[in-house]
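Report on the following structure.
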Ligand code: HH2
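Have a look at this one:
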C-alpha cells in the first residue's frame with residue numbers, strides 16, 4: 043500500500059485526530075512495579091491527578107495501564123488489573139479525556155471501553171481472537187504493537203533474520219486481520235514495540251526504519267520513553283533520569299514520520315515539538 047493512502051485522521055470513538063502534527067500520548071501507569079515510574083501513581087487519586095498534570099502539559103491522549111510489561115514482569119491477576127484501571131479510566135473519561143487502555147487482556151479492554159476509554163492499546167498486537175472480536179464490535183481506536191515472546195522472557199537473546207521486515211510484516215498482517223473483521227483502517231495505528239524482545243541494535247534499526255513503517259499507510263506510534271536502550275546508549279541507569287534521551291528519541295521518531303509518541307515526560311516532549319514545528323513553519327497542535 044502506498045503512503046498516499048494514509049488516512050488523514052485517526053478515529054478513536056468520539057475522538058477524531060487530524061494527523062497533520064504529532065500526537066502526544068501521556069503514560070499513566072497504575073502499577074506498583076512499572077520500570078519507569080512504578081508505585082508513583084498506584085492509587086486512583088494519584089493516577090487521576092497525574093493524568094490531569096499530563097493533560098495540562100500538552101498530552102492529547104492518556105494511556106492507562108494496570109499491568110507492567112517490563113522485561114521479567116510477573117503477570118497480574120485479571121481482577122487486580124481491573125480494580126487498578128477501572129476507577130481511573132472512568133474518572134478521566136468522564137472529564138472528557140481521550141483515554142487509551144494499555145492491556146493484553148480482552149476482559150480488561152472491554153471493561154475500560156465500557157468505562158469510557160476510546161482506544162485499545164494491545165502490546166500483543168491483537169493476536170488474541172477475543173481482542174480482535176472486541177475491536178470489531180466497538181468503535182474504538184486500536185494500537186497494534188509488535189512484541190517477540192512474552193514480557194517474562196522477551197529480552198533473553200531476541201533473534202530476527204531481518205528485524206525491520208519481520209516487525210513490519212507482523213504489523214501489516216495483524217492490521218489486515220482487523221480490517222477483515224470490520225475495523226476501519228482509519229481506526230488502526232501500528233507500533234514497532236521498542237524494547238519488546240529487541241536488542242539495542244534492533245531498537246535502533248526500527249527507529250531508523252520508521253519511514254518504512256509509515257509507508258504502510260497506517261499511523262505509526264513509537265514508545266521509546268525512558269527505555270533501557272537509552273540507558274545502554276548513555277550509561278544513565280535510572281529511568282527517570284533518561285528524559286533528554288527520551289525527548290531526542292520522540293523528536294527523531296516524528297521527524298521520520300511517526301504520528302503518535304507514547305511518553306512519560308509530556309512537558310519536555312511538547313516543548314521540543316513546539317520548537318520543531320516553529321522551525322518547520324508548522325503550527326503546533328498544542329495542548
Ligand atoms: N511500552 C510500554 C507499555 N506499553 N504500548 C505501546 N503501544 N508501545 C510501547 O512502546 C509500550 C506500550 C512499556 O513502558 P511503561 O508503560 O513505561 O512500563 P511498564 O510496562 O513497566 O508499565
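Residue numbers (the numbering used here): 43 to 329.
From the three backbone atoms N, C-alpha and C, an ideal C-beta is built for every residue, glycine too.
When the Cβ atoms of the stretch 67-85 are set against those of the stretch 317-329, are three or more pairs found closer than 8 Å? no
Pick out whichever of 237, 68, 256 and 101 has its Cα sitting closest to the Cα of residue 197. Looking at the Cα atoms, 237 is the closest of the given residues.
For residue 103 and residue 302, what's the separation of their Cα atoms in angstroms? 10 Å
Here's the rule I'm using: 16 or more other beta-carbon atoms within 10 Å means buried, otherwise exposed. How should residue 96 be labelled? Within 10 angstroms of the beta-carbon of residue 96 lie 16 or more other beta-carbons, which makes it buried.
Between the Cα of residue 83 and those of 110, 288 and 254, spot the shortest distance and give me the residue it belongs to. 110
Assuming the contact rule is C-beta atoms closer than 8 Å, residue 220 and residue 230 should be a hit. Round their C-beta distance to whole Å, please. 6 Å
Which whole-angstrom value describes the C-beta separation of residue 255 and residue 234, a residue pair presumed to lie in contact below a C-beta threshold of 8 Å? 6 Å
Let me make sure I understand the geometry here. Which of 294, 271, 69 and 242 has the alpha-carbon closest to that of residue 284? 271
Quick one: does the C-beta of residue 78 sit closer than 7 Å to a heavy atom of the ligand HH2? yes
Touch check for the stretch 242-250 and the stretch 260-276: three-plus C-beta pairs under 8 Å? Touching, yes, given that three or more Cβ pairs across the two stretches are closer than 8 Å.
Member of 225, 304 and 112 whose CA lies at the smallest distance from the CA of residue 173: 225
Compute every distance between the C-beta of residue 160 and the non-hydrogen atoms of the ligand HH2, then say whether any falls below 7 Å. no
How is the beta strand (DSSP E) around residue 279 delimited, first residue to last? Premise fails: residue 279 is in no beta strand (DSSP E) and is neither H nor E.
So is the beta-carbon of residue 93 under 7 Å away from any non-hydrogen atom of the ligand HH2? no
Around the C-beta of residue 297, are 16 or more other C-beta atoms found within 10 angstroms, so that it is buried, or is it exposed? exposed
Secondary structure, alpha helix (DSSP H): runs of 4+ residues fully inside the stretch 117-199: 120-136, 148-156 and 171-179
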